[in-house]
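Per this note's numbering, the very first residue in the sequence shown carries number 554; after that it's consecutive. Here a beta-carbon is modelled for each residue, glycine too, at the ideal position from N, C-alpha and C. Fair warning: this is a prediction, and the values are worked out from it, not measured in the lab.
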Amino acid sequence: MNNQTHTAQCMCGNIKLEATGPANYVEYCHCKTCQQSAGSSYIIWVIFDKENVKITSGDLSLYQSSEALKRGFCNNCGATMTVHSARHFDIALGVMDKPDEFDITQHIWTKRVLKCIKLNDDLPKYEESAPN
Ligand SMILES: [Zn+2]
Ligand SMILES: [Zn+2]
């Protein structure tokens, strides 16, 4: 289980990622930047230690979306794919080849949840970032 490999790719297939080991967290992020990046209500991120993820194909384009974070996307198909911080390499659940392998563990930035989204599960919920 610890050496499990997870693969991901963008819509056009130019960019491929490979992550090993269990994810640290799998979280709904309701922050404004994720909403703008996705053009939707939230993004679900699968969070790995950065040394456990590698780009196996293509050139991931990066955008510095805040002081601490860069966001990775495909400059051909425009897919939102990743978030990079000092410690973590997050992969959007929607670009995972097998998204059903992951159980979601928490919600973050719930103070930005859109009114049309109903949070009716028992997962931990954090107003802003999760403590970690
Ligand atoms: Zn692409
Ligand atoms: Zn976010």
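Terminal residues of the alpha helix (DSSP H) in which Ala572 lies: No alpha helix (DSSP H) contains Ala572, which is instead part of the beta strand (DSSP E) from 569–573.
Length-filtered (3 minimum) beta strand (DSSP E) runs lying within the stretch 594–633: 596–602, 606–610, 614–617, 623–626
Closest by C-alpha distance to Leu667, when choosing among Lys585, Thr560, Ala561: Lys585
Collapsed DSSP secondary structure at Glu680 in the structure displayed: coil
Pairwise C-alpha distance: His641 and Met554: Any reading at Met554 must be qualified, since the residue scores a pLDDT of 48, below 50, and its modelled position is unreliable; the value itself is stated next. The alpha-carbon atoms of Met554 and His641 are separated by roughly 20 Å.
Cβ-heavy atom distance, Asn673 to ligand 1, below 6 Å: no
Pairwise C-alpha distance: Asp602 and Cys669: 33 Å
Beta carbon of Ile608 nearer than 7 Å to that of Leu570: yes
Proximal residues to Gly611 (C-beta, below 6 Å), its chain only, five neighbours per side dropped: Asn567, Ile568
For Leu672, three-class secondary structure by DSSP: coil
Within 7 Å, strictly: CB atoms of Glu580 and Ile661: yes
Anticipated Cβ contact below 8 Å, Val648 with Ala632, distance rounded: 6 Å
Ligand 1 heavy atom lying under 6 Å from the CB of Ala639: no
Ala632 CB to nearest heavy atom of ligand 1 below 6 Å: yes
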